[in-house]
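Data block below; observations after.
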């Protein structure tokens, strides 16, 4: 598997998957938090890659702190869903989604992000980042009737 990043050619073994822990965070109005990456002009769920030596919960805590500037107050023990995808840079990904709660919605966002809470209808209309779009097929589970 070959891709170009930072102006350099990279090659990954076929068995390589980038593991990411992602969050489904709802507000008091039953809306879900999404982040827009201003470098790609696409939406995604909060969270990110699990770094070498981290467990998933450590990665989630770090990502929430880095991306949102708030603390994680609860995370479900069991994943909501697991999705496999292909990153736009042509490497395979596995994204593990958890339902979670955070300490505040007074975010101190990384400069590359903007955020908003969306309802199901808006969620379905968002242009999601390449390998993030499979989460949209779970909208009926995120917002059960």
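Residue numbers (our numbering): 75 to 219. The beta-carbon is built from N, C-alpha and C at its ideal position, and this holds for glycine as well.
Legend entry - Uninterrupted beta strand (DSSP E) stretches inside the region 93 to 178 (no shorter than 3 residues): Fully enclosed beta strand (DSSP E) runs of no fewer than 3 residues occupy 106 to 111, 116 to 118, 121 to 123, 146 to 149, 155 to 160, 166 to 176 of the region 93 to 178, in order along the chain.
Legend entry - Coil, strand or helix - residue 83 by DSSP: The residue labelled residue 83 in the question sits at position 9 within the chain shown. Under the three-state reduction of DSSP, residue 83 is assigned to strand.
Legend entry - The alpha helix (DSSP H) enclosing residue 182, as first and last residue numbers: Against the chain shown, residue 182 aligns to sequence position 108. Careful: residue 182 lies outside any alpha helix (DSSP H) and carries neither H nor E.
Inset, instruction - With distances taken Cα to Cα, identify the nearest neighbour of residue 183 among 94, 139, 122. - result: Here residue 183 is taken as the residue at index 109 of the chain shown, counted from 1. It is 139 whose Cα lies nearest to the Cα of residue 183.
Inset, instruction - Ignore the nearest five residues each way along the sequence and tell me which others in residue 76's own chain have a CB closer than 6 Å to its CB. - result: As a working note, residue 76 is residue 2 in the chain shown. 85.
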